Structure formats: C-alpha cells, structure tokens
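Numbering-wise (our numbering), the sequence shown opens with residue 1 and increments by one. Where a beta carbon is used, it is the ideal one built from N, C-alpha and C, also for glycine. Predicted, not measured: the structure shown is a model, and the values here were computed from it.
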Amino acid sequence: MGQYCILIHYHELGLKKKNRTWFEKIFQKNINTHLKSLPFQNINTYASRVFVFGIDYEKWNDYKKILKNIMGLKNAILMYKIDADLIQIENVAKMLIQDKTFDSFRISARRQDKQFEYTSKEMDRLIGAKVQEACKKNVSLNQPDVNIMIEIVRGQAFIGTEKITGYGGLPNNTGETAISLLSSGIDSPVASFQILKRGVNLVYAHFHSAPATNKQSINNCKSIINRLSQFQPNTILYIYPLLEIQKLIMDKAPDKLWVIMFRRAMIKLSCMLAEELNAKALITGENIGQVSSQTLSNIHTISSMSNFPIIRPLAGHNKEEIINLAKMINTYEDSIAPHQDCCAFFTPIHPELKGHVKKIEYIESTLDADGLYKEIIDKREVYKT
Ligand code: ATP
Ligand code: MG
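So, in structure tokens, the structure goes:
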C-alpha cells in the first residue's frame with residue numbers, strides 16, 4: 001500500500017554549497033507556515049527534495065495554489081509513494097491514468113538512488129511499454145497530454161502526473177530586511193514581488209495626503225498588501241500622513257520642485273524606518289524616464305537623501321512588461337482601482353526635470369522640519385496581515 005504526498009524541488013538552494021542545510025531548514029519552515037490551513041502530517045527534507053506527507057490528495061487544487069507562491073520553489077508534484085519495485089511502479093502508473101482522458105503520454109523517470117537496478121532511460125522504456133500495452137495510447141516525448149513522472153529516492157518510488165511550477169528564487173527570510181515604498185500604483189507591488197523572490201523580508205511604507213486626498217490609496221494599499229502576503233505571510237504596512245510636510249514644502253519651495261521634495265521626504269522617513277527596524281535597503285518601483293521625477297538627474301536628487309541603498313528592480317522594464325507581471329501576481333486590479341495619489345494631486349504643470357541637489361538641500365535647511373517629521377512618525381498607523 002502506498003500513500004499520497006507532495007514532492008517539492010527547490011530552485012537555487014543547490015548553488016549555496018556551504019549554507020545549504022541552513023537554506024533547506026528555512027525553506028521547510030516556510031512551507032510549514034504557508035500550508036498551515038491545509039492538512040498534512042509532516043514535512044521532511046532529504047536528497048535535495050522536500051516531502052510533505054500525510055496530505056489529503058483530494059485537496060490538491062488548494063495545496064497547489066498555496067505552493068505556487070512559496071519563494072524558492074521550482075516545482076511541486078502530487079506523488080504516490082511506494083517501495084522502489086518495477087512491477088509496483090508500473091501498476092501505480094496505470095492506476096494514476098485510468099480515469100484520465102488523453103491521447104498521448106510519456107514517462108519521465110529520474111533515479112536519485114543509484115542502487116536501484118534500472119537506469120532512468122531503462123525505466124522510461126520498460127514502464128512506457130507496459131503503460132502503452134494497458135492504455136493503447138501513443139507516446140509523445142515533446143508534447144504529451146499526460147506526463148508520468150517517476151522519482152526513485154532512497155529505496156522508495158514516487159509516481160505522479162500533476163505538477164505545478166513556482167517562481168523559483170530564494171526562500172523568504174534567507175535575505176535580510178528592506179523597506180518597500182508602496183504607492184498603490186502598478187509599479188511598486190511588482191518591484192516588491194521581484195525582491196521578495198530574492199529571499200528578502202519586506203516591510204512596507206505608504207504615504208498619503210489625507211484629508212486633502214481621500215483615503216482610497218490606503219485601502220488600495222491594504223488590498224495589495226493582502227495579495228503580497230501570499231508570498232510572505234505576516235506582512236506589515238506602515239501608513240504615514242505626509243500632508244503637513246507637503247504643505248510646508250508648497251509654502252517654501254518653487255512649485256517645480258514639489259514632487260522631488262515630496263519624494264525626498266518619503267525617502268527620509270523610510271530611512272528612519274529602516275534604522276528603526278534594522279533594515280538594510282529601500283525598494284521602489286521607479287522606472288527610468290517614466291515620469292518627470294524619474295529622469296536620471298531626479299533619481300540622483302532623490303537618492304542623495306538616502307543613507308541606504310535604494311534598489312529599483314524595475315529601472316529598465318517597459319511598462320507593458322510591468323503590467324504583465326502585475327497581472328501575473330494579481331495586484332493589477334487593485335493598482336488600477338481609482339485613487340488619489342499624494343504627489344499627483346499636487347503636481348505642477350512644469351515639474352523640474354533636472355533637480356539640483358545643492359539647491360534642494362539649501363531649501364530643506366530653511367524648513368526647520370525636524371519636529372514635523374517626529375509628529376508624522378507619531379501619527380503613523382500600522383496594518384498587519
Ligand atoms: P507606482 O505605479 O508604483 O505608483 P509610478 O510609476 O506611479 O509608480 P511614481 O509615482 O513616480 O511612479 O513613484 C515612484 C516610486 O516611488 C513608486 O514606485 C513607489 O516605490 C514610490 N512612491 C511614490 N509614491 C508613493 C507613496 N505615496 N507611498 C509610498 N511610496 C511611494
Ligand atoms: Mg505612483
């Protein structure tokens with residue numbers, strides 16, 4: 001008698017030779033956390049694979065939706081586990097396809113356990129012949145309707161036909177922490193996803209201008225955070241009221257510099273948050289040339305406010321590529337929901353395309369805003385998933 005389980009292959013962990021065990025431990029722990037709403041008995045890692053045992057195979061559709069979003073996962077296969085014995089493997093392969101409608105199939109065997117007497121190629125051939133005899137269907141190596149996957153691992157055989165592909169990358173919590181500036185637009189959630197995929201833990205910061213603008217951007221950000229928490233459970237969003245500092249800037253600085261100076265204020269608050277939380281970088285959805293605040297000169301003017309590296313994963317993307325990614329991670333609909341952007345609301349007709357750091361720093365030195373920044377931090381709200 002066999003049992004159903006899930007066999008997970010991971011992505012780049014294999015490259016990290018020395019830290020491999022550490023990476024595997026975190027990856028396994030993450031899988032445990034993500035799957036907590038579904039039944040399973042235990043999760044083990046061996047032979048560069050993670051196994052989830054004691055599952056309810058009828059809920060495969062629920063497992064696969066969650067597994068897809070676990071960073072570091074290359075693929076996951078619903079497997080039937082038995083002792084490694086050719087006859088038994090043939091029988092299970094036939095059992096797995098008996099209720100399926102299909103015209104072509106293939107066997108994809110892998111032998112991790114070199115003690116097993118048949119090579120992968122021999123298994124493909126021998127089991128393929130038996131399955132063909134039973135189902136009378138054609139073999140198609142390139143585009144089979146059904147792919148029967150077999151893995152021989154430590155004296156056991158795993159056989160399955162259902163596989164999902166993940167996003168790869170590195171597991172959550174294997175990197176350090178960064179602050180992601182989330183605007184409720186299309187770009188910043190995508191930028192966040194790209195960095196989550198590298199194992200970095202993200203804490204989010206959103207800046208709004210309520211009551212001058214409505215609170216829709218805050219609600220949109222919360223929905224986006226709920227979606228992004230599918231990739232990193234237990235997500236935190238800090239929500240800052242920026243209006244008072246914006247008013248001061250609008251009072252003291254020429255209107256063409258407003259947006260750059262608003263951005264610098266966001267960067268300053270984000271750096272303070274990074275210091276508070278021991279984060280090591282800021283993440284933004286900036287994209288070269290997309291808007292006036294994203295010319296190279298203005299990226300420079302904005303960066304010079306930061307004492308942390310600002311990582312801009314979308315710098316070189318085209319808008320269409322970003323939109324496709326936003327649709328893939330399901331943040332697009334929330335991002336296009338109507339909202340009043342805190343900078344767009346006060347955008348002058350002719351914003352500065354080439355801001356000068358020294359000039360802006362001089363204006364800022366006259367603002368006497370330290371107390372105001374402290375007040376903004378006191379008034380920030382925290383949203384947790
Ligand atoms: P997005 O689609 O993410 O809003 P955008 O193309 O509208 O990007 P900008 O509005 O210039 O670009 O913002 C550039 C980046 O600055 C954003 O991707 C985000 O990281 C950050 N940012 C802008 N506005 C805010 C905000 N209100 N709160 C937090 N971060 C912001
Ligand atoms: Mg924006």
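Nearest to R154 by C-alpha distance, out of L367, D124, F51, G316, is F51. In this structure, S293 has its beta carbon less than 6 Å from a heavy atom of the ligand ATP. Classified as exposed, M1 has fewer than 16 neighbouring CB atoms from the shown chains inside 10 Å of its CB. Between the alpha carbons of M123 and Q112 lies a gap of roughly 13 Å. Taking 7 Å as the cut-off, the Cβ atoms of E90 and I127 count as close.
Residue side-chain check: D187 places its Cβ nearer than 6 Å to a non-hydrogen atom of the ligand ATP. Only residues of its own chain outside the window of five on either side were considered, and among them V146 have a CB closer than 7 Å to the CB of K100, listed in chain order. Rounded to the nearest whole angstrom, the C-alpha separation of I43 and L243 is 49 Å. Per DSSP, T21 is one residue of the alpha helix (DSSP H) stretching across 20 to 34.
Beta-bridge partners assigned by DSSP to M79: C5.
Burial of K81 is indicated by the presence of at least 16 other C-beta atoms within 10 angstroms of its C-beta. Judged by DSSP secondary structure, A191 falls outside any beta strand (DSSP E) and instead within the alpha helix (DSSP H) spanning 187 to 196. In the structure shown, the three-state DSSP call for Y373 is helix.
Following the DSSP letters along the chain, one finds E176 in no alpha helix (DSSP H), marked with neither H nor E. When C-alpha distances from P338 are compared across F40, L196, N214, D370, the shortest belongs to N214. Under the DSSP assignment, T301 falls outside any beta strand (DSSP E), being part of the alpha helix (DSSP H) whose first and last residues are 296 to 303. The beta carbon of N330 lies closer than 7 Å to those of R227 in the same chain, with the five residues before and after it left out. A93 sits away from V139, with the two beta carbons spaced by 7 Å or more. Exclusion of the five residues before and after L182 leaves S188, Y204, H206, C221 as the residues of its chain whose Cβ lies within less than 6 Å of its Cβ. One Cα belongs to S180, the other to Q3, and the distance between them is close to 43 Å.
Nearest Cα to P351 within the set F262, T235, S120, V200: F262. By the Cβ-count criterion, S365 is exposed, with fewer than 16 other Cβ atoms from all chains shown falling within 10 Å of its own Cβ.
Here the alpha carbon of N173 sits roughly 20 Å from the alpha carbon of S270. Within the chosen limit of 6 Å, the ligand ATP reaches the beta carbon of Q290 through at least one heavy atom. Relative to the Cα of P309, the nearest Cα in the group A274, F158, S292 belongs to A274.
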